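Student:
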Amino acid sequence: MVNIVEIHNLTKTFPGVVAVDNVSLEIREGELMTMLGPSGCGKTTTLRMIGGFEFPDTGRVILEGEDVTRLPPYKRRVNMMFQDFALFPHLTVEKNIAYGMRVAGMAKAELVREVARMLEMIELPDKAKNLPSELSNGQKQRVALARALIRRPRVLLLDEPMSALDAKLRETMQVELKHLHEKLGLTFVLVTHDQTEALVMSDRVVVMDEGRIAQVGTPIELYDNPATPYVANFLGTSNMVVAKVTEVSGETIVTEYGSGTIRVAAQGKRPAVGSEVMLCIRPEKVRVLLNGQDSPESFNRLDGVIAEQFFHGASVHLALDVGAATSIVIQHQLDTAEGQAALPPAGQRVSLSIDPASITLFEEVTAYGAEDRV
Amino acid sequence: MTTYEEVRVRERVEPRQMFLKLGGWDVSTATLTVAAACVLAFLYLPIVTLMVFSFNANPITRLPLTEWTFFWYEKAFGNEILLTALGNSLIVASCAVTICLCIGIPTALALDRYDFPGKTALRRLVILPITLPGLITGVSMLTFFKMTGVQLSLATVIIGHGTALTAIVVTNVFARLQRFDRRIEEASADLGAKPLRTFWHITLPNIRSAIIGSSLIAFTLSFDEIPVTYFLTGRDNTLPMYIWSTIRRGMTPEINAIGTVIIGVSIVLLLSSVFIMSDSGVRKRPRK
Chain A
262 MVNIVEIHNL TKTFPGVVAV DNVSLEIREG ELMTMLGPSG CGKTTTLRMI
312 GGFEFPDTGR VILEGEDVTR LPPYKRRVNM MFQDFALFPH LTVEKNIAYG
362 MRVAGMAKAE LVREVARMLE MIELPDKAKN LPSELSNGQK QRVALARALI
412 RRPRVLLLDE PMSALDAKLR ETMQVELKHL HEKLGLTFVL VTHDQTEALV
462 MSDRVVVMDE GRIAQVGTPI ELYDNPATPY VANFLGTSNM VVAKVTEVSG
512 ETIVTEYGSG TIRVAAQGKR PAVGSEVMLC IRPEKVRVLL NGQDSPESFN
562 RLDGVIAEQF FHGASVHLAL DVGAATSIVI QHQLDTAEGQ AALPPAGQRV
612 SLSIDPASIT LFEEVTAYGA EDRV
Chain B
13 MTTYEEVRVR ERVEPRQMFL KLGGWDVSTA TLTVAAACVL AFLYLPIVTL
63 MVFSFNANPI TRLPLTEWTF FWYEKAFGNE ILLTALGNSL IVASCAVTIC
113 LCIGIPTALA LDRYDFPGKT ALRRLVILPI TLPGLITGVS MLTFFKMTGV
163 QLSLATVIIG HGTALTAIVV TNVFARLQRF DRRIEEASAD LGAKPLRTFW
213 HITLPNIRSA IIGSSLIAFT LSFDEIPVTY FLTGRDNTLP MYIWSTIRRG
263 MTPEINAIGT VIIGVSIVLL LSSVFIMSDS GVRKRPRK
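Residue numbers (the numbering used here), protein chains in the order written: chain A, 262 to 635; chain B, 13 to 300.
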């Protein structure tokens with residue numbers, strides 16, 4: 262696949278902060294790539310450097326093989342959909358959409374046709390004469406999208422496109438944007454701090470942390486094989502527990518956690534016996550064994566007491582006290598009759614089963630706690 | 013559950029019940045009406061008097077009114093000196109406003125957008141002239157012109173007004189720029205517009221109301237300005253100067269007539285400026 266955008270060793274500092282620190286990235290033609298991270302991680306600055314709104318201190322931005330590092334936005338074939346949309350408040354919807362092609366000098370008749378086509382695409386032909394202030398946020402977003410797309414950019418940049426929408430509309434728009442992306446075959450680069458959005462929409466995700474790239478990969482790769490505790494913690498919910506290595510043998514690492522032991526697939530890691538490691542255990546990969554249910558011999562077995570229950574609709578999260586510093590949160594599905602019938606009450610002693618291959622082991626122990634996993 | 017609307021209704025009703033009702037007459041409403049009438053009378057009675065007497069045939073401003081006439085208007089508009097003064101005032105005000113805009117808009121843009129040494133100082137210094145009494149501005153500029161050997165004329169009056177009133181344009185335009193969402197300029201650039209086009213098509217339309225509004229205020233202030241004009245004019249007279257010098261020799265209904273015309277024009281200007289300034293097209297967006 263061809264790289265439509267390449268970023269080489271991009272660094273950008275603002276007074277007192279290194280916003281982007283030596284970031285290199287390749288964006289493939291036609292993919293939907295998401296830059297994910299908390300605010301201040303440098304994702305928006307990176308996007309703005311691709312768009313030409315910021316110039317890097319060092320490094321290069323290559324667009325379709327051409328070095329555009331120092332080119333202003335109006336000389337780049339990329340378009341941006343701004344956070345809060347930045348529609349022109351004094352222009353009607355149709356004039357907002359027409360603006361980009363008017364600047365480009367498109368003939369009047371063609372422009373009218375093009376705008377009508379765009380209004381049709383965003384399903385707002387009846388709002389053509391309205392001012393942006395008369396639109397809902399969802400409608401504004403669609404106008405912003407049409408305004409950017411009419412320029413037929415090679416890359417569409419989307420800066421936190423969903424942040425102004427309420428939760429319900431957000432889900433709908435995620436799907437709509439994804440469909441649009443598939444239909445147009447355009448390259449989308451999206452910036453978000455919402456991990457669900459990133460996982461749902463993206464072909465590939467770049468997780469950023471303090472101006473650097475923490476990991477690049479497909480949502481599944483990132484979710485199943487996070488490279489660092491930071492990524493594991495940021496994507497999805499996970500139990501990050503600190504355990505002590507008691508044995509390293511072949512492909513298995515045995516650790517001690519609370520009163521039990523947890524075996525983990527080594528995956529090429531070789532921590533020293535006696536050292537502390539961090540384990541990432543996804544709540545949905547843990548199974549509660551009820552009424553003497555059995556699990557494969559190779560699976561981990563842990564005993565614990567249910568301390569708390571958190572109802573999530575289709576599932577319930579159970580916090581289990583396994584006799585260690587932090588409890589383990591597991592997800593118990595409620596979408597089947599068995600699942601509902603088998604929901605153990607708080608205070609009950611249960612056995613857990615965990616596949617060693619589903620646990621990710623990190624040799625570095627970081628401060629990412631387990632506060633927000635419920 | 014109480015809705016917001018219900019709470020509002022209740023709050024609106026309850027305080028009223030504390031007042032006595034006398035024979036169906038709501039005391040609080042009556043008091044308020046009288047108070048409002050007094051304030052309005054205080055503000056506008058003199059103006060109304062002036063307008064009424066401009067149509068009164070008796071040359072002495074005194075009751076009772078005698079006969080209805082347009083004579084004073086005819087006389088005023090047949091008065092060459094008065095008309096010249098009016099023309100001078102219009103010239104001065106227009107030129108002063110032009111100067112204010114030429115200096116004010118770029119200054120406001122610079123203050124809003126660029127960081128440069130002495131920015132805070134400039135911001136305060138630009139605003140200073142409006143807080144200075146016209147007397148001070150007049151005397152200091154007179155001294156300056158005398159020192160540099162500049163002949164006093166309408167031009168010096170224009171310069172005087174321009175310096176004093178630039179602050180109005182700067183403050184108004186600057187305030188609007190502060191509320192202006194810079195991202196729409198980025199959006200314009202993103203859509204292919206070069207900086208100049210962005211300025212004309214995006215920035216200017218969104219600060220236009222502030223520009224027009226402050227121009228109208230500056231125009232009005234220049235039009236009836238006396239102290240600075242008094243010091244800086246040569247042989248030419250502006251309308252307020254003419255009126256003032258005429259009145260010293262006694263009140264004539266002619267002045268009432270020209271006053272009424274000016275009031276009429278002022279009201280039109282004022283209303284249009286309020287109308288333009290209140291446009292709510294631009295809304296503040298949080299800045300990054």
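C-beta atoms are modelled at their ideal positions from N, C-alpha and C, and glycine is treated no differently.
Keep in mind it's a predicted model, so treat the numbers as computed, not measured.
Can you tell me whether DSSP reads F243/B as helix, strand or coil?
Tutor: Mapped onto the second sequence, residue 243/B falls at position 231. F243/B falls in the helix class under three-state DSSP.
Student: Give the residues of chain A in contact with P217/B, contact being defined as C-beta atoms less than 7 angstroms apart.
Tutor: Position 205 of the second sequence, counting from 1, holds the residue named residue 217/B. Result: H351.
Student: By DSSP, does V583/A sit in helix, in strand, or in coil?
Tutor: The count along the first sequence starts at 1 and reaches residue 583/A at position 322. V583/A: coil per DSSP, three-state reduction.
Student: Could you tell me whether any Cβ in chain A is nearer than 9 angstroms to the Cβ of S227/B?
Tutor: In the second sequence, the residue the question calls residue 227/B occupies position 215. No, because no Cβ of chain A sits closer than 9 angstroms to the Cβ of S227/B.
Student: Given a threshold of 16 other Cβ atoms within 10 Å of its Cβ, counted over all protein chains shown, does G130/B qualify as buried or as exposed?
Tutor: Residue 130/B sits at position 118 when you count from the first residue of the second sequence. Label assigned to G130/B: exposed.
Student: Could you say which of S619/A, A370/A, G277/A and E508/A lies nearest to A526/A if we only look at CA atoms?
Tutor: Residue numbering aside, residue 526/A sits at position 265 when the first sequence is read from its first letter. The shortest Cα separation from A526/A among S619/A, A370/A, G277/A and E508/A belongs to S619/A.
Student: Is it buried or exposed, C114/B, if we count other Cβ atoms within 10 angstroms and call 16 or more buried?
Tutor: Here the question's residue 114/B lines up with position 102 in the second sequence. By the neighbour-count rule (16 or more Cβ atoms within 10 Å), C114/B is not buried but exposed.
Student: What three-state label does DSSP hand G264/B in the structure shown?
Tutor: By 1-based counting over the second sequence, the position of residue 264/B is 252. In the sequence under discussion, the amino acid at residue 264/B is Thr, which differs from the Gly named in the question. Of the three classes helix, strand and coil, the one that applies to T264/B here is coil, per DSSP.
Student: Out of R247/B, S101/B, V181/B and A48/B, state which residue places its alpha-carbon closest to the alpha-carbon of S165/B.
Tutor: Within the second sequence, residue 165/B is the residue found at index 153, counting from 1. The residue with the shortest Cα to Cα distance from S165/B is R247/B.
Student: Please go through the same chain and pick out, in chain order, the residues whose beta-carbon is closer than 8 angstroms to the beta-carbon of R22/B, but skip the five residues on each side of it.
Tutor: As a position in the second sequence, residue 22/B is number 10, starting the count at 1. Caution is warranted here: a pLDDT of 49 is assigned to R22/B, below 50, making its placement in the model unreliable, and the coordinate value is therefore given only provisionally. Closer than 8 angstroms at the Cβ level, and outside the excluded window around R22/B, lies no residue.
Student: Excluding five sequence neighbours on each side, which residues of the same chain lie with their C-beta closer than 6 angstroms to the C-beta of A580/A?
Tutor: By one-based count along the first sequence, residue 580/A stands at place 319. Taken in chain order, the residues that qualify are A568, E569, S588 and V590.
Student: With 9 angstroms set as the bound, which would you pick, yes or no: does the beta-carbon of F314/A sit closer than that to a beta-carbon of chain B?
Tutor: Here residue 314/A refers to the residue found at position 53 when the first sequence is read from its first residue. Chain B contact via Cβ: present.
Student: At a Cβ threshold of 9 angstroms, is H173/B touching chain A?
Tutor: By 1-based counting over the second sequence, the position of residue 173/B is 161. By this cut-off, H173/B is not an interface position.
Student: Taking the alpha carbon of E198/B as the point to measure from, which residue in T210/B, F243/B and I267/B has its own alpha carbon closest?
Tutor: Counted from its first residue, the second sequence places residue 198/B at position 186. Of T210/B, F243/B and I267/B, the residue nearest in Cα terms is T210/B.
Student: Considering only the alpha carbon of each residue, which of F495/A, P532/A, N500/A and G472/A lies closest to L460/A?
Tutor: Within the first sequence, the letter at position 199 stands for residue 460/A. Comparing Cα-Cα distances from L460/A to each of F495/A, P532/A, N500/A and G472/A, the minimum goes to F495/A.
Student: Would W80/B be called buried (16 or more neighbouring beta carbons within 10 Å of its own) or exposed?
Tutor: Within the second sequence, numbered from 1, the residue matching residue 80/B stands at position 68. By the neighbour-count rule (16 or more Cβ atoms within 10 Å), W80/B is not buried but exposed.
Student: Would you say V322/A and E267/A are within 9 angstroms of each other, going by their C-beta atoms?
Tutor: Counting from 1 along the first sequence, the entry for residue 322/A is found at position 61. Counting from 1 along the first sequence, the entry for residue 267/A is found at position 6. Yes, the pair counts as a contact, with Cβ atoms nearer than the cut-off.
Student: Would you list, in sequence order, the uninterrupted beta strand (DSSP E) runs of no fewer than 3 residues that lie entirely inside the stretch 439-472 of chain A?
Tutor: 448-453 and 465-470
Student: Taking Cβ-Cβ distances shorter than 7 angstroms, what residues in chain B pair up with V642/A?
Tutor: Since the displayed chain A opens at 262 and closes at 635, residue 642/A lies outside it and no answer follows.
Student: Identify the continuous alpha helix (DSSP H) that holds V60/B and give its terminal residues.
Tutor: Here residue 60/B corresponds to residue number 48 of the second sequence, with the count starting at 1. V39 to F65 is the extent of the alpha helix (DSSP H) around V60/B.
Student: Hey, would you say A407/A sits closer than 9 angstroms to M379/A, going by beta carbons?
Tutor: Position 146 of the first sequence, counted from the first residue, corresponds to residue 407/A. Position 118 of the first sequence, counted from the first residue, corresponds to residue 379/A. Yes, Cβ-Cβ distance for A407/A and M379/A is below 9 angstroms.
Student: Give the residues from the stretch 184-196 of chain B that approach chain A closer than 8 angstroms (Cβ to any Cβ), ordered along the chain.
Tutor: D193, R195 and I196
Student: Compare the beta carbon distance of L121/B and Y335/A with 9 angstroms and say whether it is the shorter of the two.
Tutor: Here residue 121/B refers to the residue found at position 109 when the second sequence is read from its first residue. Here residue 335/A refers to the residue found at position 74 when the first sequence is read from its first residue. Their beta carbons are not under 9 angstroms apart, which means L121/B does not touch Y335/A by this criterion.
Student: Which residue from T168/B, A222/B, V182/B and S257/B puts its Cα closest to that of C107/B?
Tutor: The residue labelled residue 107/B in the question sits at position 95 within the second sequence. Measuring from the Cα of C107/B, the nearest candidate turns out to be T168/B.
Student: Please list the partners that P333/A has in chain B, where partner means a Cβ-to-Cβ separation under 9 angstroms.
Tutor: Here residue 333/A is taken as the residue at index 72 of the first sequence, counted from 1. Residues of chain B passing the Cβ test: A201, K206 and P207.
Student: Is DSSP giving A631/A helix, strand or coil here?
Tutor: Against the first sequence, residue 631/A aligns to sequence position 370. Because A631/A carries a pLDDT of 40, less than 50, the predicted location of this residue cannot be relied on, and the following value inherits that uncertainty. Note: A631/A maps to coil in three-state DSSP.
Student: Taking the alpha carbon of P490/A as the point to measure from, which residue in G478/A, K429/A and V503/A has its own alpha carbon closest?
Tutor: As a first step, residue 490/A must be located in the first sequence, where it is residue number 229. Relative to P490/A, the option among G478/A, K429/A and V503/A whose CA is nearest is V503/A.
Student: Under 7 angstroms Cβ to Cβ from Q592/A, same chain only, skipping five residues before and after it: list those, please.
Tutor: Residue 592/A sits at position 331 when you count from the first residue of the first sequence. Counting only Cβ-Cβ distances below 7 angstroms, and skipping sequence neighbours, we find P544, E545, S576 and H578.
Student: Using a 10 Å radius around the Cβ and a threshold of 16 neighbouring Cβ atoms, would you call C302/A buried or exposed?
Tutor: Within the first sequence, the letter at position 41 stands for residue 302/A. Buried, because 16 or more other Cβ atoms sit within 10 Å of the Cβ of C302/A.
Student: Identify each residue in the stretch 425-443 of chain A for which the Cβ-Cβ distance to at least one residue of chain B is less than 7 angstroms, and report them in chain order.
Tutor: Residues of the stretch 425-443 of chain A with a C-beta less than 7 angstroms from any C-beta of chain B: none at all.
Student: Using DSSP's beta-bridge definition, name the partner residues of F571/A.
Tutor: Within the first sequence, the letter at position 310 stands for residue 571/A. Paired residue(s): H578/A.
Student: By how many angstroms is the C-alpha of L98/B removed from the C-alpha of F156/B?
Tutor: Your numbering for residue 156/B matches position 144 in the second sequence. Your numbering for residue 98/B matches position 86 in the second sequence. Distance between the alpha carbons of F156/B and L98/B is about 27 angstroms.
Student: Sorted by chain position, which residues of the same chain lie with C-beta nearer than 7 angstroms to H442/A's C-beta, five sequence neighbours on each side aside?
Tutor: Position 181 of the first sequence, counting from 1, holds the residue named residue 442/A. Within the same chain, H442/A has close Cβ partners L293 and F449.
Student: List, from N- to C-terminal side, the beta strand (DSSP E) runs of 3 residues or more that fit wholly inside the stretch 474-528 of chain A.
Tutor: 500-510, 513-518 and 521-526
Student: Would I103/B pass as an interface residue toward chain A - the criterion being a Cβ-Cβ separation below 9 angstroms?
Tutor: Taking the second sequence and counting its residues from 1, the one referred to as residue 103/B is at position 91. Not closer than 9 angstroms to any Cβ of chain A, the Cβ of I103/B fails to qualify, so no.
Student: Run down chain A in chain order and give the residues with a C-beta less than 7 angstroms from the C-beta of I214/B.
Tutor: Numbered from 1 along the second sequence, position 202 holds the residue referred to as residue 214/B. Within 7 angstroms Cβ-Cβ: F349.
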